[in-house]
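See below for the structure under consideration.
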Amino acid sequence: MSSPGRTPDTSRPPRPRRLLPVLVSATAIEDGQVRPPRVGAVVRLRLGFRESRYDEPDATVSTVRVRAETRSEPPQLPGRRSGTTGQPHWPTRLYGDAWQATWSAPRPVVGEVELRGTVVADLMTGGTVQPTRGRVTRVQVVDEALDCREPGDTRTVPALQRLREVEQAPRWFHRGVPWRDPARSSGWQPVDHAEPRTEETGVLVHLDLDDVPPAPLRPALVPGALDAHGPDLWVADERLPLVVHLRDRRLTTELRWPGAVLDPGRSRGRRLLADAAGCWLTGPDGVHRLGPDGSVRQVSDTPVWTSAAAAGTLATHLPQRPGDPLGPHVLRLWSPAGTTLDLPPAQWTLRSLVSARGGFLVLVSGPPDGTGLVRLLSLDTAGGMLHGPPLTTPWHGLLLVGGAGPLLVDETGQRPVHADLTLGRALTGAGRPRVLAGWAAGRRRWTLSHTPDGSDPPADPDVDRWWLLTELDPQDGRPVARAAVDAVPAAVTADSTGPLWLVGGRVLAWPATDGAPGIPLDVAAPPTGVAGDSTTPDC
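Okay, structure coming up:
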């Protein structure tokens, strides 16, 4: 504080602006998680940090001084469940000057540290930190030379790195090899690893962390999960212990309970599974049963990450011993009354769990015979199980879509799953592009794909084109309606009025015009009746 009558000292030089270079990956932009950054725009990015293993000059690499805080949990041990031994990684948060990032650290680190590496915005980064806001002052497309000659190891060749100045990042990026080969049934072009290949890996953006307006106020509800049954629609906040119940798309009830506030950007959040009598809520704070009267009943406090529901029965996949996520897992069935049935643990690894034909369909790999093949299992709501024959397709190439007419999607296309768990012939016909994701609700099914013109992504990498959410005919799987989406939906469902989907914290309704974008639905309008803090624990 200056003394009375004295002039304040203004000789101190102004503080330089805080600038942060960030590599925004091509996959994050193409997936729709990040809109193509442009010069002058204010962006909001969840950041991660990737430490550099090499000393060669690299335009995307810089030295940062940060405060590191390793999370108070055991290190992650890749491969432990499968019996292999990987290098441990410590989940760590980095706090810079006006920015935050996550780091999968190869060593435990705490306090002030100096690190050399790349600040990145990618699909798998920034899951537990607040977004960083900044104004884009520069955008450069990064063209890398990738050396893939060593099996299992891809590294860049910094001497061949090129940067191209642009005003705005492209929507699609050039990968250096053809995306599709019509002569191959799988539609994918093999890559020749004899020589390094060039690829646009993303854009290097420079963020001014000071030239940003105040952050907007958070809405009362930011949708993070949804499901519907008949006229009832249930929507959960992405972080807060808050669910709203709508009937005929009019808000009727708010449901609150003393649950956890989830970490920002948490990829494994809460999930809603609606039925005629209410709704199941699963996630990091256990299993809850929600009633249309506003009641919230806690059934279990064991975290649940994999779940499905059929005819009011909930199926979950969770550790046999609570607190041991790497130990044996069991399939547990829950009735609406709260009774449970555990199926004996098996040696296989669960890959997917969906509701189908009034029960459940399970995709597993690694049977006891050691062949490593995958197979389908059928489970009814009473616990009866049917084992299907081994499948020859690797599990990582499969997508399971449930519903009344379940589908297994592999490189040959969409294949019906028969009641005996054998597969039908791939569905054929025009307008069947490669399926990237799928959802089902009752007899309705939807798939996500690129445009049906054979391009994947579109042949012109700079064209700003939408992905397509397609509804399939329940009988023969023909496309019957399409909606344009700009990112991968977190959930797709349908109430009595029509289909709905959740993307980027927004609930969208099916458009009246085929192929048009969705219509935003306000799910947080003032309720006609409110209930809250009505949790009744059962555990």
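Quick note on our numbering: the sequence shown kicks off at 940 and runs consecutively.
All C-beta atoms, glycine included, are put in the ideal place defined by N, C-alpha and C.
Note that this is a predicted model, so its numbers are computed, not measured.
- Here DSSP, grouped into helix, strand and coil, assigns E969 to helix.
- In this structure, the beta-carbon distance from E1012 to P1030 falls below 8 Å.
- As the crow flies, the alpha-carbon of Q1100 is around 14 Å from that of L962.
- For the segment 1021-1091, not one full-length alpha helix (DSSP H) segment reaches 4 residues or more.
- Distances from the alpha-carbon of R1421 to those of T1041, R989 and W1449 put W1449 closest.
- In this structure, L1229 lies away from V1200, with their beta-carbon atoms at least 8 Å apart.
- If you ignore the 5 residues before and after G1169, its C-beta comes within less than 6 Å of the C-beta of S1435, all in its own chain and listed in chain order.
- Residue burial is scored here from C-beta neighbours: D1453 has fewer than 16 other C-beta atoms within 10 angstroms and is therefore classed as exposed.
- C-alpha of L1289 to C-alpha of T1221: approximately 18 Å in a straight line.
- Going by beta carbons, A1433 and A1167 fall inside the 8 Å limit.
- Contact between L1411 and V1419 holds: CB atoms are separated by about 7 Å, below the 8 Å threshold.
- Annotation for P1158: no beta strand (DSSP E) segment contains it, and DSSP assigns it neither H nor E.
- Looking at the DSSP output, L1272 bridges to A1254 and L1280.
- Only residues of its own chain outside the window of five on either side were considered, and among them R1074 have a CB closer than 6 Å to the CB of D1150, listed in chain order.
- About 6 Å separates the beta carbons of S1317 and L1300, which is inside the 8 Å limit, making them a contact pair.
- In this structure, the CA atom of D1281 is about 32 Å from the CA atom of T1067.
- In the three-state reduction of the DSSP assignment, P1180 falls in the coil class.
- The three-state reading of DSSP puts P1097 in helix, counting H, G and I together.
- C-alpha of G1342 to C-alpha of A1248: approximately 11 Å in a straight line.
- The C-alpha of P1231 lies about 15 Å from the C-alpha of Q1237.
- Using a Cβ distance threshold of 8 Å, A1376 and A1423 do not count as a contacting pair.
- With contact defined as three or more Cβ pairs closer than 8 Å, the segment 962-982 and the segment 1105-1115 are in contact.
- Within 10 angstroms of the beta-carbon of E1177 lie 16 or more other beta-carbons, which makes it buried.
- In the DSSP assignment, V1462 falls outside any beta strand (DSSP E) and carries neither an H nor an E.
- Between T1095 and the set P976, V981, T1140 and L1362, the nearest pair of CA atoms involves T1140.
- Judged by beta-carbon spacing, H1145 lies within the 8 Å limit of L958, meaning their Cβ atoms are closer than that value.
- A Cβ-Cβ distance of about 6 Å is found for the pair V973 and A1060, placing them in contact under the 8 Å criterion.
- For G987, the secondary structure class from DSSP, reduced to helix, strand or coil, is strand.
- Cβ neighbours of D1036 within its own chain (closer than 6 Å, five residues either side excluded): R957.
- Per the C-alpha coordinates, the member of A1358, L1366 and H1357 positioned closest to D1349 is L1366.
- Counting along the chain, L1346 sits inside the beta strand (DSSP E) bounded by residues L1346 to D1349.
- Nearest in C-alpha terms to P1152, of all of T1071, P1097 and V1105, is T1071.
- DSSP places G979 in no beta strand (DSSP E); its state is neither H nor E.
- Annotation: the continuous beta strand (DSSP E) that includes D1147 extends over R1136 to D1147.
- The residue from T1245, A1215 and W1244 with its alpha-carbon nearest to that of G1251 is A1215.
- In the DSSP assignment, L1387 falls within the unbroken beta strand (DSSP E) covering R1383 to S1388.
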